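Comments concern the structure below.
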Amino acid sequence: MNILIVGSGGREHAIAWSVAKSPLADKIYCAPGNAGIAEIAECVPIGAMEFEKLADFAEEKKIGLTIIGMDDPLVGGVVDVFEERGLKVFGPRRNAAILEGSKAFSKDLMKKYHIPTAAYENFTDPAEAEEYLKTRAKFPIVLKADGLALGKGVLICQDLAEALDGLKEIMLDKKFGSAGNAMVIEEFMTGREVSVLSFVDGKTIKPMTSAQDHKRALDGDRGLNTGGMGTFSPSPFYTKEIDEFCRTHIYQPTVDAMAAEGRPFKGIIFFGLMLTADGPKVLEYNARFGDPEAQVVLPRMKTDILEVMSACVDGTLDQVDLQFEDNAAVCVVLASDGYPVSYEKGIPMSGFEKFKDKEGYYCFHAGTKLSDGRIVTNGGRVVGITATGMDLKDARKNAYEATEWIEFANKYMRHDIGKAIDEA
Ligand code: AMP
Ligand code: GLY
-12 MNILIVGSGG
-2 REHAIAWSVA
8 KSPLADKIYC
18 APGNAGIAEI
28 AECVPIGAME
38 FEKLADFAEE
48 KKIGLTIIGM
58 DDPLVGGVVD
68 VFEERGLKVF
78 GPRRNAAILE
88 GSKAFSKDLM
98 KKYHIPTAAY
108 ENFTDPAEAE
118 EYLKTRAKFP
128 IVLKADGLAL
138 GKGVLICQDL
148 AEALDGLKEI
158 MLDKKFGSAG
168 NAMVIEEFMT
178 GREVSVLSFV
188 DGKTIKPMTS
198 AQDHKRALDG
208 DRGLNTGGMG
218 TFSPSPFYTK
228 EIDEFCRTHI
238 YQPTVDAMAA
248 EGRPFKGIIF
258 FGLMLTADGP
268 KVLEYNARFG
278 DPEAQVVLPR
288 MKTDILEVMS
298 ACVDGTLDQV
308 DLQFEDNAAV
318 CVVLASDGYP
328 VSYEKGIPMS
338 GFEKFKDKEG
348 YYCFHAGTKL
358 SDGRIVTNGG
368 RVVGITATGM
378 DLKDARKNAY
388 EATEWIEFAN
398 KYMRHDIGKA
408 IDEA
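FYI, in the working numbering the residues of the sequence shown are -12 to 411.
So, in structure tokens, the structure goes:
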């Protein structure tokens, strides 16, 4: 079948790479894609939010499955548009993508169905939020803009003054736009953070292998929050016992809760977990693959991605045996110096040929484009360098070695991706 992938980041490159391996794939298209994706798929200049144009394209090219990589189109209802036109599409409908689209919704869902998460209150009135912070809050405390905010709408506040500033930014100054029309105020948790992505068909859930992200810009987990500066998989802290607990108390209950609410979820549920002293708790849900979690999880997946995605759409996921390699993978993001604040774009890049025919080494493009036949930088996160290895240390050594292969003038990376491996 012909495949259309919607998105343009490293995650979509990893999805495209995985799709290209499948014997079920004929022609692969990506809208809008990037310079790396262009090597395995035909990139088409349609934006991810142009739902009708995407559906027109899918009809015209007889696309057998469209895969939505990004959160914005899912939350905006792209799946509903495709389904109304009888087109097969992988991802949750709008009424299920709200699991990521509204943090207030997801917190209320977890409370109602007894899914472990941080204690919280939701607010739509800034004056009530202020009153709560002044009288009942314990510090540090966490403020979260309700809606999508490019991963930046979460503020950890050390004292009342910081919290009142944060409240003003989110709800009054609308720093994150309408995402700040409502706000969650949440208990601060401590522990290791683990990402578990899963395939879901509305009833059945099949968790993938675990991963850990590094959200801060600077070594030692300092600096600003980013989309993610590097990942590794599996997490050595995600034990069999924790996995069993999460399957029983978090994963299946979330899928059942969505179905019970009349919002059956099909697609990817990404569980952001905190492994606290009181057991695993949900930090957040996302309705899509993580970026750069996909860049370490998909290279380790043995099962055909199109087989499992089709089963999610058809409601037959219980018949799929989802398998991962017994190895490890590490991804180090090469960013533009200055990310996530301001940085130069359009810088010529070199070294891509060094990845040719090197099994277990990948250069997933995130922010690149072709300019006069050359690949140049075109974003904050530029490429994700992934390597596999027989264990995490081996994978980390391989990944850092391969970070040297790609050159561009303002290249920036963290040097401590996977440092936690040494503490395991
Ligand atoms: P989120 O987008 O909800 O995953 O939040 C972004 C980051 O903020 C997470 O990866 C955590 O590092 C941190 N965070 C979010 N909620 C909490 C919490 N309740 N306690 C401590 N840290 C948190
Ligand atoms: N890497 C975190 C995310 O994709 O949200």
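Positions of the beta carbon are idealized from the N, C-alpha and C atoms, including for glycine. Bear in mind that the values here come from a model prediction, so they are computed numbers and not experimental data.
Asked                                                                                                          : Found
Cβ pair Glu280, Glu87 closer than 9 Å                                                                          : no
C-beta contact flag for Phe163 and Lys139 at 9 Å                                                               : yes
Inter-stretch contact (C-beta, 8 Å, three-pair minimum) for the segment 362 to 378 and the segment 308 to 319  : yes
Nearest to Gly189 (by Cα), restricted to the options Thr303, Pro251 and His236                                 : Pro251
contact_flag[the segment 384 to 397, the segment 323 to 341] where n(CB pairs < 8 Å) is 3 or more              : yes
Range covered by the alpha helix (DSSP H) that runs through His352                                             : Run containing His352: none in the alpha helix (DSSP H); it sits in the beta strand (DSSP E), Tyr348 to His352.
Nearest neighbour of Phe186, chosen from Asp152, Met158, Ser222 and Val307 [CA to CA]                          : Val307
Met57 versus Gly(-6) - alpha carbon distance                                                                   : 6 Å
Cβ contact check for the segment 152 to 167 and the segment 128 to 139: 3 or more pairs under 8 Å              : yes
Residue closest to Phe232, alpha-carbon to alpha-carbon, out of Thr263, Ile255 and Lys253                      : Thr263
Reduced DSSP category for Ser9 - H, G, I as helix; E, B as strand; rest coil                                   : coil
Residues near Glu156 in its chain [Cβ-Cβ closer than 6 Å; skip 5 each side]                                    : Lys162
C-beta contact flag for Gly34 and Ala28 at 9 Å                                                                 : no
Check whether Gly277 and Thr218 have beta carbons under 9 Å apart                                              : yes
Any heavy atom of the ligand AMP within less than 5 Å of residue CB: hits in chain order                       : Ala105, Val129, Val141, Glu173, Phe175, Met176, Gly259, Leu270 and Glu271
Closer than 8 Å: Thr218 CB and nearest the ligand GLY heavy atom                                               : yes
Whole-angstrom distance between Asp359 and Tyr238, CA atom to CA atom                                          : 48 Å
Pro221 beta carbon less than 9 Å from that of Thr196                                                           : yes
Beta-carbon proximity of Ala42 to Phe77, cut-off 9 Å                                                           : no
Assigned secondary structure, Thr218 (DSSP; H/G/I helix, E/B strand, else coil)                                : strand
Any non-hydrogen atom of the ligand GLY within 8 Å of Gly(-6) CB                                               : no
Pocket of the ligand GLY defined by Cβ to heavy atom distance under 5 Å                                        : Asp200, Gly215, Gly277 and Asp278
Pro32 burial status per 10 Å Cβ neighbour count (16 or more: buried)                                           : exposed
Within the segment 256 to 335, ranges of the beta strand (DSSP E) (whole runs, at least 3 residues)            : 266 to 273 and 315 to 323
C-beta atoms of Tyr16 and Phe38 nearer than 9 Å                                                                : no
C-beta atoms of Val320 and Ile372 nearer than 9 Å                                                              : yes
Through-space distance from His352 to Val283, alpha-carbon basis                                               : 14 Å
C-alpha distance - Ile143 paired with Gly210, whole-angstrom precision                                         : 13 Å
With 16 other Cβ atoms within 10 Å as the buried cut-off, status of Pro60                                      : buried
Span separating the alpha-carbon of Tyr399 from that of Ser323                                                 : 6 Å
Continuous beta strand (DSSP E) stretch holding Asn212: start and end                                          : Arg209 to Asn212
Own chain partners of Ile50 with C-beta closer than 6 Å, once the 5 adjacent residues on each side are dropped : Asn(-11) and Leu(-9)
N- and C-terminal bounds of the beta strand (DSSP E) containing Asp200                                         : Ile192 to Asp200
Whole-angstrom C-beta distance between Thr104 and Ala169, which should lie under 8 Å                           : The pair is not a contact, with the Cβ atoms about 17 Å apart (cut-off 8 Å).
For Ser93, the three-state DSSP class (helix, strand or coil)                                                  : helix
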